[in-house]
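**Student:** Just dropping this structure here.
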Amino acid sequence: MIDYHIHTPLCNHAQGSMEAYIAQAIEYGFSEICFFDHLTLQKSGRRLSMTPDEVPLYFMTVQGLKKEYQGQISIKVGLEVDFHPRKVDEIKDILEPFAFDVIGSSVHFAGAYNIVSHKSDWRHGKLETEKIYRLYFEYLTLMLEHDYFDVVCHLDLIKKFGLRPKWSISKEMDNILQIIHDKGLILEINTSGFGHPAGEIYPSAAIIQRSRELMIPVTLGSDAHKPQNIGRYFDKTLSILTAAGYQSLTVFDHRRPSQLAFK
Ligand SMILES: [Zn+2]
Ligand SMILES: [Zn+2]
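Heads up: the sequence shown at position 214 corresponds to 254 in my numbering, and the numbers run straight through without jumps.
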């Protein structure tokens with residue numbers, strides 16, 4: 041099995057050394073993991089990402105670990121980049137010198153609103169739900185106009201705190217999935233939602249079903265911010281994927297995707 045979404049202490053909000061994540065993955069019997077730490081250029085109080093200056097250190101450290109653990113576990117190096125509409129050129133400049141295996145992109149900020157922080161106004165119900173959902177879809181659509189990434193991370197993360205709009209999001213989601221399909225992007229199945237107030241996978245089983253109808257390939261990650269969370273909720277997630285008709289997960293090498301059967 042693989043886990044393609046693992047953080048590191050460089051992001052300033054994850055616990056455990058890179059070696060501890062690797063040791064845990066080996067103990068759990070994983071064949072391949074991908075470090076997928078945050079790169080966020082948004083300024084918002086406490087630092088929640090490696091700095092651009094730390095990207096070379098991050099990249100070189102994982103390259104070293106790849107060699108060190110060769111024969112025991114395959115290790116890939118990726119980044120979870122936060123979409124920022126005015127920083128795309130800067131992001132491309134930061135990524136350009138490095139042969140990353142995979143780049144993902146996320147919307148954690150819809151405009152000025154942090155939609156993931158436990159301290160956010162969103163979390164505490166101080167914002168109008170419909171307005172923030174609309175803004176979130178606007179940002180997803182804007183993000184998908186760019187091409188610096190391979191994977192769309194936790195597509196319906198906006199539901200994290202269990203806040204849902206009065207209307208159904210299926211039409212907006214269909215439009216987004218169509219773009220993901222047309223651009224040949226990979227959809228991330230992110231199991232961390234089971235542990236959040238949302239209480240379900242990102243994206244939902246219904247969206248996974250729809251993405252399968254569109255033949256969008258998927259990858260799988262736990263979003264582990266501590267070693268013991270590697271592979272968390274994978275059993276029930278593989279049942280959801282199987283029920284939707286998926287039989288393989290996407291793995292990457294130097295930004296080239298390939299399929300790995302999980303049955
Ligand atoms: Zn994080
Ligand atoms: Zn994320």
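Here a beta-carbon is modelled for each residue, glycine too, at the ideal position from N, C-alpha and C. Fair warning: this is a prediction, and the values are worked out from it, not measured in the lab.
1) Would ASP165 and LEU203 be called neighbours here (beta carbons separated by less than 8 angstroms)?
2) Report yes if the C-beta of CYS193 is less than 7 angstroms from at least one heavy atom of ligand 1; otherwise report no.
3) According to DSSP, is GLN103 helix, strand or coil?
4) Can you tell me the Cα-Cα spacing of LYS206 and PHE75, whole angstroms?
5) Would you say GLU72 touches ligand 2, meaning its beta carbon is less than 7 angstroms from a heavy atom?
6) Buried or exposed, going by whether 16 or more other CB atoms sit within 10 Å of the CB of GLY144?
7) Which of helix, strand or coil does DSSP assign to GLU72?
8) Considering only C-alpha positions, which residue in the set LEU88, ALA264, GLU94 and PHE292 is nearest to GLY56?
9) Quick one: does the C-beta of HIS124 sit closer than 7 angstroms to a heavy atom of ligand 2?
10) Evaluate LYS171 with the Cβ neighbour count: other Cβ atoms within 10 Å of its Cβ, from every protein chain shown; 16 or more gives buried, anything less gives exposed.
11) Closer than 7 angstroms to a non-hydrogen atom of ligand 1 - does that hold for the CB of HIS265?
12) Would you give the residue range spanned by the beta strand (DSSP E) that TYR109 belongs to?
13) Confirm the yes/no value for this check: CB of SER146, any heavy atom of ligand 2, distance under 7 angstroms.
14) Leaving out five residues on either side along the sequence, give the residues of the same chain with a beta carbon under 8 angstroms from the beta carbon of SER160.
15) In chain order, what residues of the same chain have a beta carbon less than 6 angstroms from the beta carbon of ALA238, not counting five sequence neighbours either side?
16) Please classify LEU97: is it buried, with 16 or more other beta-carbons within 10 angstroms of its beta-carbon, or exposed?
**Tutor:** The short version:
1) Counted from its first residue, the sequence shown places residue 165 at position 125. Counted from its first residue, the sequence shown places residue 203 at position 163. This sequence places Gly at residue 165; Asp is not what is there. Yes, Cβ-Cβ distance for GLY165 and LEU203 is below 8 angstroms.
2) Your numbering for residue 193 matches position 153 in the sequence shown. Incorrect: CYS193 has no Cβ contact closer than 7 angstroms to ligand 1.
3) Here residue 103 is taken as the residue at index 63 of the sequence shown, counted from 1. Shown here, GLN103 sits in a helix according to DSSP, grouped into three states.
4) The residue given as residue 206 occupies position 166 in the sequence shown. The residue given as residue 75 occupies position 35 in the sequence shown. Each residue's Cα considered, the two are about 37 angstroms apart.
5) As a working mapping, residue 72 is identified with position 32 in the sequence shown. Outside the cutoff, so no.
6) The residue you call residue 144 lines up with position 104 of the sequence shown. In this structure GLY144 is buried. Its beta-carbon is surrounded by 16 or more other beta-carbon atoms within 10 angstroms.
7) For this step, residue 72 is matched to residue 32 along the sequence shown. Judged by DSSP in its simplified three-state form, GLU72 adopts strand.
8) Counting from one through the sequence shown, the residue named residue 56 turns up at place 16. Checking every option, the nearest Cα to that of GLY56 belongs to ALA264.
9) The count along the sequence shown starts at 1 and reaches residue 124 at position 84. Checking every heavy atom of ligand 2 against the Cβ of HIS124, none is found closer than 7 angstroms.
10) Within the sequence shown, the letter at position 131 stands for residue 171. Under this definition LYS171 is an exposed residue.
11) The residue labelled residue 265 in the question sits at position 225 within the sequence shown. Checking the Cβ of HIS265 against ligand 1 gives yes.
12) In the sequence shown, counting from the first residue as 1, residue 109 sits at position 69. That residue, TYR109, is in no beta strand (DSSP E); it is neither H nor E in DSSP.
13) Indexing the sequence shown from 1 puts residue 146 at position 106. Flag set: Cβ of SER146 near ligand 2.
14) Here residue 160 refers to the residue found at position 120 of the sequence shown. Answer for SER160: TYR153 and ASN154, listed in chain order.
15) Position 198 of the sequence shown, counted from the first residue, corresponds to residue 238. Hits under 6 angstroms: LYS199, LYS200 and GLY202.
16) On the sequence shown, residue 97 is found 57 positions in, with the first residue counted as 1. Exposed, because fewer than 16 other Cβ atoms sit within 10 Å of the Cβ of LEU97.
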